[in-house]
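From first to last, the protein sequence lines are chains A and B.
When you read off a place in the first sequence, starting at 1, and then add 791, the result is the number in this note's numbering.
When you read off a place in the second sequence, starting at 1, and then add 315, the result is the number in this note's numbering.
Inspection log for the structure reproduced underneath, given as structure tokens.
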Amino acid sequence: LAKTTQPISMDSYEGQEVNITCSHNNIATNDYITWYQQFPSQGPRFIIQGYKTKVTNEVASLFIPADRKSSTLSLPRVSLSDTAVYYCLVGDRVKETSYDKVIFGPGTSLSVIP
Amino acid sequence: DVKVTQSSRYLVKRTGEKVFLECVQDMDHENMFWYRQDPGLGLRLIYFSYDVKMKEKGDIPEGYSVSREKKERFSLILESASTNQTSMYLCASSRGWGELFFGEGSRLTVL
Numbered sequence: 792l793a794k795t796t797q798p799i800s801m802d803s804y805e806g807q808e809v810n811i812t813c814s815h816n817n818i819a820t821n822d823y824i825t826w827y828q829q830f831p832s833q834g835p836r837f838i839i840q841g842y843k844t845k846v847t848n849e850v851a852s853l854f855i856p857a858d859r860k861s862s863t864l865s866l867p868r869v870s871l872s873d874t875a876v877y878y879c880l881v882g883d884r885v886k887e888t889s890y891d892k893v894i895f896g897p898g899t900s901l902s903v904i905p
Numbered sequence: 316d317v318k319v320t321q322s323s324r325y326l327v328k329r330t331g332e333k334v335f336l337e338c339v340q341d342m343d344h345e346n347m348f349w350y351r352q353d354p355g356l357g358l359r360l361i362y363f364s365y366d367v368k369m370k371e372k373g374d375i376p377e378g379y380s381v382s383r384e385k386k387e388r389f390s391l392i393l394e395s396a397s398t399n400q401t402s403m404y405l406c407a408s409s410r411g412w413g414e415l416f417f418g419e420g421s422r423l424t425v426l
């Protein structure tokens with residue numbers, strides 16, 4: 792079972808910043824947090840990964856509080872092309888025999904409105 | 316760029332037929348995965364493989380089998396297709412337990 796909880800859907804207007812929060816109350820010490828994006832009729836693609844504090848790349852930022860029981864994916868100034876499903880996963884990058892990190896929940900369906 | 320190629324984008328089969336879904340990756344990844352995706356249910360892991368000839372069941376292995384004879388190829392087999400196996404099937408690969416790279420998906424309809 793997925794170890795995370797996210798809102799099922801969100802709406803946003805173009806140009807706004809969107810924040811999607813993921814809860815992972817039982818995150819383990821060695822777990823990383825990874826976000827994927829999926830467009831209709833395509834496979835998911837990696838967006839960002841982090842362990843603590845803040846990570847930023849050209850696509851998004853990931854904010855992780857000190858207790859690591861939640862994380863927030865931030866998409867700056869969204870456009871219509873950001874309409875997609877966003878998945879949050881947690882898992883241990885080192886633990887060789889576990890597939891917890893590759894279990895996807897239902898994700899958050901983001902709709903960007905003109 | 317990593318490329319994960321699934322053999323068919325769209326398939327239509329009849330109940331009881333044997334179905335093969337092929338997946339090939341070109342980056343020498345150890346791990347390969349098969350998921351199915353249905354509306355409202357997200358991606359559900361069917362099987363994964365962490366080495367040639369090695370396989371592990373995921374959350375929903377019933378009605379499926381897999382084969383990994385070569386490192387780059389991971390096949391999903393439906394021995395006797397049923398209508399409840401109509402779905403989008405997604406293959407993925409990864410180096411170790413890092414970033415997953417997905418194929419475009421295979422949409423299977425079982426009549």
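We put the CB at the ideal spot given by N, CA and C, even for glycine.
- Contact annotation for A/Q828 against chain B: no contact, minimum CB-CB distance about 11 angstroms [criterion: below 8 angstroms].
- For B/M342, there is no enclosing beta strand (DSSP E), since its DSSP letter is neither H nor E.
- A Cβ-Cβ separation of about 6 angstroms places A/L871 in contact with A/P905 under the 8 angstroms criterion.
- Judged by DSSP secondary structure, A/N810 falls within the beta strand (DSSP E) whose first and last residues are V809 to S814.
- Along the segment 829–857 of chain A, the positions whose C-beta sits under 8 angstroms from a C-beta of chain B are S832, Q833, G834, P835, R836, F837 and Q840, read in chain order.
- Per DSSP, the continuous beta strand (DSSP E) segment holding B/L358 begins and ends at G357 to D366.
- In the three-state reduction of the DSSP assignment, B/Q400 falls in the helix class, which pools H, G and I.
- Under the 9 angstroms criterion on CB atoms, A/Y877 is classed as non-interfacial with respect to chain B.
- Comparing C-alpha distances from B/D366 to each of B/M347, B/P354 and B/Q400 shows the shortest one belongs to B/M347.
- The C-beta of B/V327 has fewer than 16 other C-beta atoms within 10 Å across all chains shown, which makes the residue exposed.
- Pairing B/L393 with B/V425, the inter-Cα distance amounts to about 11 angstroms.
- Counting only the Cα atoms, B/V339 lies some 5 angstroms from B/E387.
- Taking a contact as a CB-CB distance under 8 angstroms, the pair A/S900 and A/I799 counts as one, their CB atoms being some 7 angstroms apart.
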